[in-house]
Amino acid sequence: MSFTYERRYRGKIQAVLLDWAGTTMDYGCMAPTVVFVEVFKRQGVPITVEEARAPMGAHKRVHIRRITELESVSRRWQERHGRKSTEADVDRMFAEFVPIQLACLSDYSELIPGTLEAVAAMRRRGIKIGSTTGYLTEMMEINRKDAARQGYEPDSTVCASDVPAGRPHPFMCLQNMINLQVSPVSGCVKVDDTVPGVEEGLNAGMWTVGLAMSGNEVGLPLKDVMALDPADREARRQRACTRMRQCGAHYVVDSIAELLPCLDDIEARLARGERP
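Numbering-wise, the working numbering puts 640 at position 221 of the sequence shown, and it's gapless, one number per residue.
Pasting the structure below:
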């Protein structure tokens with residue numbers, strides 16, 4: 420008789436890897452958005468908030484290049500400068516971006532409601548906390564200090580500048596596993612408010628949870644979200660949820676405050692021998 424036997428992980432979740440802006444702090448993911456808008460304004464090529472957000476989650480230099488590649492932005496750049504943008508233009512804008520971003524990060528560093536409670540609950544379960552970000556190391560130094568003052572300190576933080584390539588490549592997730600000394604990948608969960616961040620986790624072979632309301636997909640501070648007409652708020656939620664599901668997220672919730680039931684379900688699926 421011919422049989423094959425498969426090796427399956429049936430244990431508990433080993434680590435949860437959290438994004439930063441829009442996931443654990445900076446409700447609405449506002450800090451990078453306002454700076455991208457300012458950088459392009461200085462080039463005489465104004466961009467919309469939607470255009471600024473389109474590549475969110477990528478390494479910030481890559482993010483700038485992808486904005487220049489948007490058809491609408493490329494057309495305005497051509498009209499303003501009489502030519503297409505170049506890598507030299509991207510380099511110049513990135514050089515301008517860094518100090519502006521560093522100067523305003525602390526203005527957007529408030530933890531998202533539910534972060535401390537979710538992290539504490541995960542730690543009680545023995546889950547290690549990692550983190551990934553499209554920010555550079557010097558930017559994360561500011562965010563980490565601001566977060567620590569509020570009681571949040573992940574066990575590992577990996578920046579896009581620490582690995583060969585940022586999102587949607589899996590390298591930041593995999594480096595977190597090395598730092599945390601956990602395995603297998605099926606015992607890890609990636610949580611993110613951006614499509615590239617969800618894809619990062621999927622490409623690493625992890626379970627993924629997309630956050631629909633607290634980050635880039637809706638892109639509003641909490642007070643503005645709460646001020647929306649209920650029908651408008653629900654329409655925005657549904658659009659965000661659809662985007663997250665279409666990119667392959669295993670679960671989609673509003674914010675980190677709703678994460679724990681997802682982890683319960685993942686552990687039940689792991690016990691049954693399921694894989695991401």
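The C-beta atom is built at its ideal place from N, Cα and C for all residues, glycine as well.
The Cβ neighbour count for residue 532, taken over all protein chains shown within 10 Å, is under 16; the residue is labelled exposed.
Straight-line spacing of the CA atoms in residue 514 and residue 563 works out to 22 Å. Partner residues in the beta bridge of residue 611, as assigned by DSSP, are 629.
Counted as a single uninterrupted DSSP element, the stretch harbouring residue 547 is not any alpha helix (DSSP H) but the beta strand (DSSP E) occupying residues 547-552. Of 567, 590 and 478, the smallest CA-CA separation from residue 509 is found for 478. Under the DSSP assignment, residue 493 falls in the alpha helix (DSSP H) whose first and last residues are 490-500. When secondary structure is reduced to three states using DSSP, residue 555 falls in the coil class, being assigned neither helix nor strand.
Counting only the Cα atoms, residue 460 lies some 44 Å from residue 542. For the segment 423-510, the full-length alpha helix (DSSP H) segments reaching 4 residues or more read 449-461, 468-472, 479-488 and 490-500 along the chain. In the structure shown, the three-state DSSP call for residue 527 is helix. Looking at the DSSP output, residue 670 bridges to 628. Per the coordinates, the alpha-carbon of residue 669 lies some 43 Å from the alpha-carbon of residue 499. Secondary structure at residue 605: helix, using DSSP grouped into helix, strand and coil. The C-alpha of residue 641 lies about 7 Å from the C-alpha of residue 447. Using a Cβ distance threshold of 8 Å, residue 689 and residue 426 do not count as a contacting pair.
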